[in-house]
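Structure first, commentary second.
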Amino acid sequence: MLQSLSESIFGSGSKGGMNNHVNMNPRAGKRSKNKSFESSEAQYLETLKNELKIKDAAISALSAKVDRLEDEKRLNELEAMVKRRHRPVVNVSNVINDEGRQKVKMGTRGSLMTQNILQAINEPKKTPQQVIAEKFLEVFQDPVKYMVYLQSDEFAKDLIEVCRAASEVLEQQSRVVFLQSPVYVFGDIHGNLEDLHFFSDNLWKLGMDLAAGHFLFLGDYVDRGMSCLECVAYLLGLRILYPHKITMLRGNHETRDVNGWEQHYGDKSFLYQCKDRFGVAMGETVWEECNLVFDRLPLASVIDHEIFCIHGGIPRPLKDLYTTEIQAIMALPNVLSIMPSYDYETDWMKQVGTDCIWSDPASEEMETRLDGTGFGDSPRGGGAVCFGHAAIENFLSTNNLSYIIRAHEAHAYGVSLSKGARVFTVFSTSKDHRQGEYAMAGCILVDNEKIQVINRSPKYKNKYVHRRSSVTLENLSSHEIEERRKLGLVRFSIAMEDMSRLIAQQHHQEENDEPDEESFVDEPSNDDVGVQSFAETLRPGF
Ligand SMILES: [Mn+2]
């Protein structure tokens, strides 16, 4: 409150005229006795005092108004903070039956008002891109039924539309995405439709809209597998339909230098598959549109302020620029090409970006060759780094975190734990990585009290991708089989590298003339475990 002007000059209790609350001044009586004091100066002083009182009253009225308005403002701010989110009720009920789920009108309990409100609710209007995304989800459920569409120009154009919608959303996202558990975390997908199906059939069987929790993908969606386009279409479809349930991070294969390397990956290269599917011109356009999306993918995520998730590993610290590594990642531009880099990408940006998508935990024998900060050259070469115990301890304590979940290295057991049980490696494709016939695909569920591993058993029956010798394909012409092979729906033979392993495993097959991929009978042998961590042979600096 402002202090009254007349109070500050004459002290409290000066003679009040305007204000009822001001006490009568006792000096007023004394003054009337002192007749010699009746001069023009005294009158003038009296006028001034009165003027001050008027102004005092105006000031106190104003200051009371200011106080009231400030109180109102504070109250409004508090109310805004606790304001509830508008969560509309979906006016249909999902009835689950043998064939899956069916949408029926929601039952009510007779209140006319409830009924009227439900009827007035409209399904939110879908954008054309969301309509296409829904189609992608349908195609994913039965790719054989949509073989013609998948090879058409229409699919190419649809994919471009969805890519543009996804680019717009991703560019707005923070480079480090903060999530709250429960979260399912997935590692490399690498164009493996079958394993992605395993997860969708078991973890979001009723559809993403009825699945609880968040789904975080750590990158490497393309290359090495045959169904790169289907996997990208499905995941981007989910990403634009369920922006609050799906987070996609970037892997080292989400760069043009890697996913455009046809000579190295052959028919399993993403660029090769785009051109083979849609022709050179349209194929290159689709490939570039996908890469524009990849340029905008965030690089890291933190679950419950406790678990750091990233494709490769922790970046080297940049102490003179940023206090923490997370701050450095957050400071990266929202559009980054990394390999090759755009002109505006500076050295520190390239270093942080590359470390995030390429680094690996150091093996125990590499630990001795690391520098003082716990980092050293990776056996992958080309400037990639590996991080040891010291780097991990430093990173976790600086950022006040407990664990690191990353992907990037294949494991026969899907998920592995290393570095004093601080680093999880999760790999979500069981094929194309020389992990043997009995490899598993894994994912990790982080809920509010624990971290759990979910693996696909090698015995789990294949539904969509069949081996060439499978009875399912018996009645198809060689042309039809070739068409399916190109979509990744037929596996012709295993890679040459696996031949020696196969010969070693021959005794498993002796009782069975033609073992079908759909019917594994053996548990993984202990020999498989010994060679499980087969790092990718790709070098970043080629
Ligand atoms: Mn990788």
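Each residue of the sequence shown is one higher than the last, beginning at 206 in our numbering. Cβ coordinates follow ideal geometry from the N, Cα and C atoms, glycine included.
Here Y470 is buried: its Cβ has 16 or more other Cβ atoms, across all protein chains shown, within 10 Å. Distances between the C-beta of G456 and the heavy atoms of ligand 1 include at least one below 7 Å.
Judged by DSSP secondary structure, F475 falls within the alpha helix (DSSP H) whose first and last residues are F475 to F483.
At a cut-off of 7 Å, the beta-carbon of H449 does not count as near ligand 1: no heavy atom of the ligand is closer than that.
For R661, the enclosing beta strand (DSSP E) stretches over residues I656 to R661. With a cut-off of 7 Å, the C-beta of H613 is classified as near ligand 1, since at least one heavy atom of the ligand falls inside that distance. The three-state secondary structure of Q356, taken from DSSP, is coil.
Per DSSP, reduced to three states, the secondary structure at S602 is helical. Per DSSP, the continuous beta strand (DSSP E) segment holding G581 begins and ends at F580 to D582. Taking C-beta atoms under 8 Å as the contact rule, L476 and G465 qualify, at a distance of about 4 Å. CA-to-CA, the gap between A612 and D560 works out to about 13 Å. In this chain, the beta strand (DSSP E) harbouring H419 covers H419 to F422. Under the three-state reduction of DSSP, K331 is assigned to coil, being neither helix nor strand. Taking C-alpha positions only, R482 is separated from Q356 by approximately 6 Å. Boundaries of the alpha helix (DSSP H) harbouring G442: C433 to L446, taken from the DSSP string. When DSSP assignments are scanned along the segment 333 to 410, the uninterrupted stretches of beta strand (DSSP E) that are 3 or more residues long and fall wholly within it turn out to be 381 to 384 and 388 to 391. In the displayed model, G593 falls within coil according to three-state DSSP, outside both helix and strand.
For Q556, the enclosing alpha helix (DSSP H) starts and ends at D552 to W563. For N667, the three-state secondary structure derived from DSSP is coil. Set against 7 Å, the gap from the CB of D637 to the closest heavy atom of ligand 1 is not smaller. For the pair I326 and E366, the CB atoms are not nearer than the 8 Å cut-off.
At least one heavy atom of ligand 1 lies closer than 7 Å to the C-beta of H516. By the C-beta density criterion, G517 is buried, having at least 16 other C-beta atoms within 10 angstroms. Placement of the Cβ of D425 at a distance of less than 7 Å from at least one heavy atom of ligand 1 is found. Contact check between the segment 603 to 619 and the segment 369 to 384: fewer than three CB pairs, one atom from each, fall below 8 Å, which does not count as touching. Residues N397, D400, G619, A644, M645, A646, R661 and P663 of the same chain have their beta carbon placed closer than 8 Å to that of S635, with the five preceding and five following residues left out of the count. Taking a contact to require three or more Cβ pairs closer than 8 Å, the segment 530 to 538 and the segment 501 to 514 qualify as touching.
Minimum Cα-Cα distance from R369 among the listed residues D637, T332 and L280 corresponds to T332. A distance criterion of 7 Å places the beta-carbon of D393 in contact range of ligand 1, judged by its closest non-hydrogen atom.
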